[in-house]
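For reference, the structure discussed in these notes is given below.
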Amino acid sequence: MLLPLKGDVDISGIVQESDFPEAFKALLKSHNDLEDWTVLRQKSALSSESLEYKRKVQDDLARTHMLLKINKTLM
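This is the structure in structure tokens:
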């Protein structure tokens, strides 16, 4: 489950010459209390190795194939 959060973090302590993404990740890891942050939305994540993911891809391919056949017939 992915949960994008919205909250406040003071980034003024990050040195400008540093690798900002890595420094920001380290800063977030140092925050133990994210409970007061707002959850923007929730989204399920699937591994590309999972059976559910493979089923969804197969269903999408079958649906796309059918639509292409219909469009070809109508042309």
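Sequential numbering of the sequence shown, starting at 166, is according to my numbering. Glycine included, each C-beta is placed from N, C-alpha and C at the ideal position.
Among the options, which residue has its Cα nearest to the Cα of residue i?
i      : options                : result
SER177 : PHE185, LYS171, LEU170 : PHE185
Using three-state DSSP, classify residue i as helix, strand or coil.
i      : result
VAL204 : strand
LEU170 : strand
VAL180 : coil
ASN197 : coil
ASP225 : helix
LEU216 : helix
Mind reading off the beta-carbon distance from residue i to residue j? Whole number of angstroms is fine, and I expect it under 8 angstroms.
i      : j      : result
LEU168 : ALA210 : Going by Cβ atoms, the distance from LEU168 to ALA210 rounds to 10 angstroms, so no, they are not a contact pair.
Are the CB atoms of residue i and residue j nearer to each other than 8 angstroms?
i      : j      : result
LEU239 : THR203 : no
LEU192 : VAL174 : yes
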